[in-house]
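4 protein chains.
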Amino acid sequence: MAGNRVVTFQGPMKMEVKTIDYPKLQDPHGRKIEHGAILKLVTTNICGSDQHIYHGRFQAPKGMVMGHENTGEVIEVGRDVELIKAGDLVSVPFNVSCGRCRNCKERHTDVCENAYVNDIVHCGAYGFNLGGWQGGQADYMLVPYADWNLLKFPDKDQAMAKILDLTLLSDILPTGYHGCIEAGVRTGSTVYIAGAGPVGRCAAASARLLGASCIQIEGILGQREVDAGVDCVGLEAHGYGEEDREEHSEAILNVLFDVVRAGGAMGVPGIYTNLDPGAPKSNMAKKGELPLALSKAWIKSPKLIAGQAPVMHYNRDLMMAILWDRMPYLREVVNTEVIALENAPAAYKTFSDGSPKKFVIDPHGSVKKAA
Amino acid sequence: MAGNRVVTFQGPMKMEVKTIDYPKLQDPHGRKIEHGAILKLVTTNICGSDQHIYHGRFQAPKGMVMGHENTGEVIEVGRDVELIKAGDLVSVPFNVSCGRCRNCKERHTDVCENAYVNDIVHCGAYGFNLGGWQGGQADYMLVPYADWNLLKFPDKDQAMAKILDLTLLSDILPTGYHGCIEAGVRTGSTVYIAGAGPVGRCAAASARLLGASCIQIEGILGQREVDAGVDCVGLEAHGYGEEDREEHSEAILNVLFDVVRAGGAMGVPGIYTNLDPGAPKSNMAKKGELPLALSKAWIKSPKLIAGQAPVMHYNRDLMMAILWDRMPYLREVVNTEVIALENAPAAYKTFSDGSPKKFVIDPHGSVKKAA
Amino acid sequence: MAGNRVVTFQGPMKMEVKTIDYPKLQDPHGRKIEHGAILKLVTTNICGSDQHIYHGRFQAPKGMVMGHENTGEVIEVGRDVELIKAGDLVSVPFNVSCGRCRNCKERHTDVCENAYVNDIVHCGAYGFNLGGWQGGQADYMLVPYADWNLLKFPDKDQAMAKILDLTLLSDILPTGYHGCIEAGVRTGSTVYIAGAGPVGRCAAASARLLGASCIQIEGILGQREVDAGVDCVGLEAHGYGEEDREEHSEAILNVLFDVVRAGGAMGVPGIYTNLDPGAPKSNMAKKGELPLALSKAWIKSPKLIAGQAPVMHYNRDLMMAILWDRMPYLREVVNTEVIALENAPAAYKTFSDGSPKKFVIDPHGSVKKAA
Amino acid sequence: MAGNRVVTFQGPMKMEVKTIDYPKLQDPHGRKIEHGAILKLVTTNICGSDQHIYHGRFQAPKGMVMGHENTGEVIEVGRDVELIKAGDLVSVPFNVSCGRCRNCKERHTDVCENAYVNDIVHCGAYGFNLGGWQGGQADYMLVPYADWNLLKFPDKDQAMAKILDLTLLSDILPTGYHGCIEAGVRTGSTVYIAGAGPVGRCAAASARLLGASCIQIEGILGQREVDAGVDCVGLEAHGYGEEDREEHSEAILNVLFDVVRAGGAMGVPGIYTNLDPGAPKSNMAKKGELPLALSKAWIKSPKLIAGQAPVMHYNRDLMMAILWDRMPYLREVVNTEVIALENAPAAYKTFSDGSPKKFVIDPHGSVKKAA
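The structure is reproduced here in structure tokens:
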């Protein structure tokens, strides 16, 4: 087997393509895992949260392989894998989950108990500093618990024809959709979506799919309240200057407390964390606290649900919607651009400089070939 | 008709019994309301939130009649009332709701749109500075939208035999139960309830009724996380000294963010507000903000639901549970003491001084007679 | 006030336009109802269930005014009506519900307890033999409990521009949508809809709005099972000959038991009844029984929810979807034709003869004027 | 390793204890399964559905090992098992489910797609003719997908002290609870439970745990309707004579259609099937049909949910309720009797003869030892 080209983090603002070994069916501790599968990547996207690593805001070890938005073809499976076969084309939820713990059994794959790294972090993810799982911005990658984690596309040719939509199933489409669901978006809802990046745009596409009536992405809100508010920004949106942050990292949440009507709800898929080495060193920030207008909003009976999307909860449904042409507007809304693996480091910079593109890495030229 | 003795607010720490006119079938603006009913009070309890008025922490006009935990016998109904009849024994939800607006139709009687006083407050309540509805610590009171608001007890004799349990249906039992429901309490749940006052004790009784396994009221928590956390304290729990408040009003919520497990949920029936004239004058407090550990908790996918209980959502179910002896422990847990109307001012003081009793006013001696 | 032209039932296959008195604010027993409103009809549709009366399959008194799919302008309101004003343009749910009984408080307006006619029937409806409420195929009609029952369109001009979509909110659009909701239709669902009449077509439009992927209306099903099945036919679909009925009235339900997958669900808004004077006189039919394949389907864990739609549960959401252009396909799918009141009897015959049109009566020429 | 004594089916009315080989980590097709575990049985109960096999009403191969209500100690695990360890004391849901298919991911372990035997049956179970998995009325048994399927008791001594309650977690307690949940039982509900056998008694215990007010098991119902109806009988309840069956196998369901109120719901955990070789040979029975009063009940908006319980959905919650003493009435209600493995054939006969006991086999004398 040939080598495995991978996009690696070499320090803040420094991504490099390296060649490493072809992955083995073993966990980050070196133990054999018969429940795993090796994938040949078909698409692997650069995400906004990859940018946090790029900017040094999420700590990551030097040399870490990036990439948690992965779609690929199965090359090899362990002996315990029964449903997934070599040759299958599959989407990989960014959450690494085990399918065996209490939370997985209750469909909370976002907080899999079996991927705990320590007392603070409650989940695993590929290409993050969460559990040590190698990312998929690569030629090949390992996926553990393959039967549980992988979503198989029913027809490979049909899937390749829509691969630029389906590539969004690994993270940002379910993430935006989850934000809408948690905010109670349904037929006729009025929705305010904070954040005009790829996740915010996927949330807008999801709200439309769910039958929402009026969808406002960012922009200036008038007096009118909305039924549902979705925070697709998180704390990192407001500048990287300390003074700025100190004052504004809570801004989106407080807008939502303000504009969501009494009886409405708020979904918060945007990332908040107290583990940001670049964050200001105020007492509140150190404790992972934000000044939130809950006292003021209490009389409106606010409902707030935050956290990562349990991708598996949604990806099959959304796959069906894509395959049956229910989201024809998706690709345009998300604004994807396909690039070669070698160009990934440059794309990190372009994205960081403010490009509205969603970059999709095509390591083996499969997308080009299919088009 | 004889006069109407009422407990009135005359200023902080000063409650007085006065005699006013017998109520009319008219709203606080003096308009005739054929949908209303006049009640002869059977029981009317003193609530922890009445204490906020007593302490001057919730602004109220001088002379306001107190009391939002009311149970009574119907004396007279307007021409539009069809289901409720004179002679019925009924429980009055503390929320004044109209049964006609969007929120009432969606079962959110806690945020009835038709009882808006202004842009800030979204509900009406008896004996509060919310909509101008007279309280029920009185001989007689008016209830608007009687068919919608009143819960009729099926049998008067049966009800009088359990009146000290049923008197809790107007507020604190549904409030504690609502906190549990919003926190996801179900069979086998482990629950942490913050607050050992009457609402906290009703939450504990509710958690037990719902089949929760381990229920901790206050006390010291070990390392173990819980499935559900219920805040029955609110911001007023931590002393009335300014320094104290400044530092601690967010304390309960941050304990819940800490102890509720990933995948769990938090119910917050405890009252928070930015309209507290006695609150410290910090910038955060003025804006109705609290330093909340959401950044730290985000990775646990927290779910938080706050606000008043929509009493009507629960009171019939809980009435059935009481009438069929499913909560034999309720009275003991709540620790009620029946008093005469004349003794209400003294009871306010006793409660304020730290008594663990729940005082139930018996204006017409009906409870004594039935016992 | 001028007279009130109405479409009346004069016996099987015999509808006639008559002129009767302008309606009064009083219930069918002649009692004054201050909670009512008088409407000038803007649109009033002929429904498939009207055809049952026309065919003599649902018993109705001679002279009964037809029409339960009503939209109109408020002319006059009773003293107890607070939110609805003269001049409002409103949609009238076909269910007559009180907004005060246990079922209405729990959002089950389809089974309002206060509109019970007798032990057998559990609801009221306009222009049916259910509670004695006059229908709306008329110039004017009465609506009781107006604040509760009426849905106000926010802007009259905007509403008149979409009146042929909005006219469906009184019955068939919420009915089709309800069938989908009860069948669990959501993003990506595969759905089988039995019945290609107006309700079936509204169910298909609803399934699309809800994000369903594959929607099959009638047609031949292949081997593939579906996630959701919706019965928009009911028992009357299979011929009017006795032999035919005897054998086939259960046919649709048994198709659903067959094609809905294990873990899926069935919604049954199509009407079944044991009160059909034209039905065959078998022992099973007399008892209101059907030979249903539940024994065979049990191993698939079937879920079946039947009955009328609680229109109020859905009409606001669907109104928003229409007003914000989320269902541009609706009018074409439903295939409406506007007719004058005088032509209603002829339209009953045309519909009975098999026309695929949905007839909308425009008593005052308001639709023509707006167009 | 010693031999493995097992209770086997040798033909109708004929159970025999045999000794077979110690189980291997392989599936019924002889393939190695590293995801499996071998259990030493601690308790294994005789179930009402075992009686169907005993009576020849469910076809079973001669020599089949009986038993799907199993609790045991883990002796050995496959290489893929990560969370369950040798020495753990565990409960085994009667459903054999894979934890990898669409239905398992959606928590429908009752209709696991990966345990399909053929087009008709949609689930696997131990000791049934469903997938070929050996039963647990034995010294030792195999459990596949051990991490997914097994519920570990947190403390062995604590568990052994309550083993006669915990032994019900494998089937009948979750089955009765599931019936209640599907029937909408909640605080204050009035519930009718058809069937006074062990499942019906577990349903009654569950309704009580859920806070239901009035619970009627069988008995004569008055005029009053109930909120919830649970069918714990199924089709086999009404005699084994053909004439009897023909007329009465639908009787329970039609009672529920009758007594459940408009807006209420029905749960049907009682077993219905069209695969009963002993059933009468009417046309309806052959097609798996029953004469059900849906036409009559339609106007009440009935809701019916049938099928096996997804035990995993409930067993952890119920375990917690038992361990924390929330169901002190359980053992008495169920009326268990512990027997030796050798006495199992006799117990089948006693049960068949009408004993109200629930027989719990104690193959290794572990229960006796612990008591």
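Chains as they are written, first to last, in our numbering: chain A, 9 to 379; chain B, 9 to 379; chain C, 9 to 379; chain D, 9 to 379. For glycine and all other residues, C-beta sits at the position ideal for the given N, C-alpha and C.
Taking all protein chains in view, the Cβ of residue 311 of chain A is crowded by 16 or more other Cβ atoms within 10 Å, so the residue is classified as buried. Under the three-state reduction of DSSP, residue 55 of chain A is assigned to coil, being neither helix nor strand. The segment 190-209 of chain B makes no contact with the segment 164-171 of chain B; the number of CB pairs closer than 8 Å stays below 3. In the same chain as residue 243 of chain C, and ignoring 5 residues on each side of it, the C-beta atoms closer than 6 Å to its own belong to 257, 280, in chain order. Around the beta carbon of residue 21 of chain D, a 10 Å sphere encloses fewer than 16 other beta carbons of the protein chains shown; the residue is thus reported as exposed.
Residue 291 of chain B is classed as exposed because its beta carbon has fewer than 16 other beta carbons within 10 Å across all chains shown. Secondary structure at residue 141 of chain A: coil, using DSSP grouped into helix, strand and coil. Interface annotation, residue 175 of chain A: not in contact with chain C, CB-CB separation never under 8 Å.
Between residue 373 of chain C and residue 317 of chain C, the alpha-carbon positions lie close to 30 Å from each other. With a 10 Å radius around the Cβ and a threshold of 16 neighbouring Cβ atoms, residue 162 of chain B comes out exposed.
Classified as exposed, residue 345 of chain A has fewer than 16 neighbouring CB atoms from the shown chains inside 10 Å of its CB. Looking at the backbone, the Cα of residue 264 of chain B and that of residue 272 of chain B are separated by about 10 Å. For a Cβ distance threshold of 7 Å, residue set 301, 303, 304 of chain D lies close to residue 296 of chain C, ordered along the chain. In this structure, DSSP gives residue 262 of chain D a helical state, which the three-state scheme calls helix. In the three-state reduction of the DSSP assignment, residue 344 of chain B falls in the strand class.
Neighbours of residue 91 of chain B in chain C, taken as residues at a C-beta separation under 9 Å, are given in chain order as 106, 108, 109, 122. In this structure residue 356 of chain B is buried. Its beta-carbon is surrounded by 16 or more other beta-carbon atoms within 10 angstroms. Counting every other CB atom within 10 Å of its CB across the protein chains shown gives residue 376 of chain B a total below 16, marking it as exposed. The DSSP-derived three-state label of residue 235 of chain C is strand. Contact note: residue 326 of chain D reaches chain B through 195, 196, using a C-beta cutoff of 8 Å and chain order. Across the structure, residue 215 of chain D and residue 102 of chain D are spaced so that their CA atoms are roughly 22 Å apart. For the segment 323-357 of chain C, the residues whose beta carbon sits under 9 Å from a beta carbon of chain A are, in order, 324, 325, 326, 327, 328, 329, 330, 331, 332, 333, 334, 335. Between residue 41 of chain C and residue 86 of chain C, the C-beta gap is smaller than 8 Å, which places the two residues in contact. The closest CA to that of residue 19 of chain B, considering only B:353, B:278, B:361, is found on B:353. The beta carbon of residue 323 of chain D sits closer than 7 Å to the beta carbons of 99, 101, 159, 177, 182 from its chain, once the five residues preceding and following it are set aside; these are given in chain order.
With the criterion set as a beta carbon lying under 7 Å from some beta carbon of chain B, the members of the segment 191-223 of chain D are 194, 195, 196, 217, 218, 219, 221, 222, in sequence order. As far as DSSP is concerned, residue 210 of chain D takes part in no beta bridge.
With 16 or more other Cβ atoms inside 10 Å of its own Cβ, residue 157 of chain D counts as buried. By the CB criterion at 8 Å, residue 270 of chain B and residue 268 of chain A fall outside the cutoff. Residue pairing by DSSP places residue 160 of chain B opposite B:98 in a beta bridge. For residue 324 of chain A, the secondary structure class from DSSP, reduced to helix, strand or coil, is helix.
At the C-beta level, residue 33 of chain D and residue 303 of chain C stay beyond 8 Å of one another. Taking 8 Å as the cut-off, the Cβ atoms of residue 368 of chain C and residue 206 of chain C do not count as close. Taken in chain order, the unbroken stretches of alpha helix (DSSP H) that lie wholly in the segment 266-325 of chain C and span 4 residues or more are 291-294, 302-305.
For the pair residue 234 of chain A and residue 142 of chain A, the CB atoms are not nearer than the 8 Å cut-off. Taking 8 Å as the threshold, the shortest C-beta distance from residue 186 of chain D to chain A does not fall below it.
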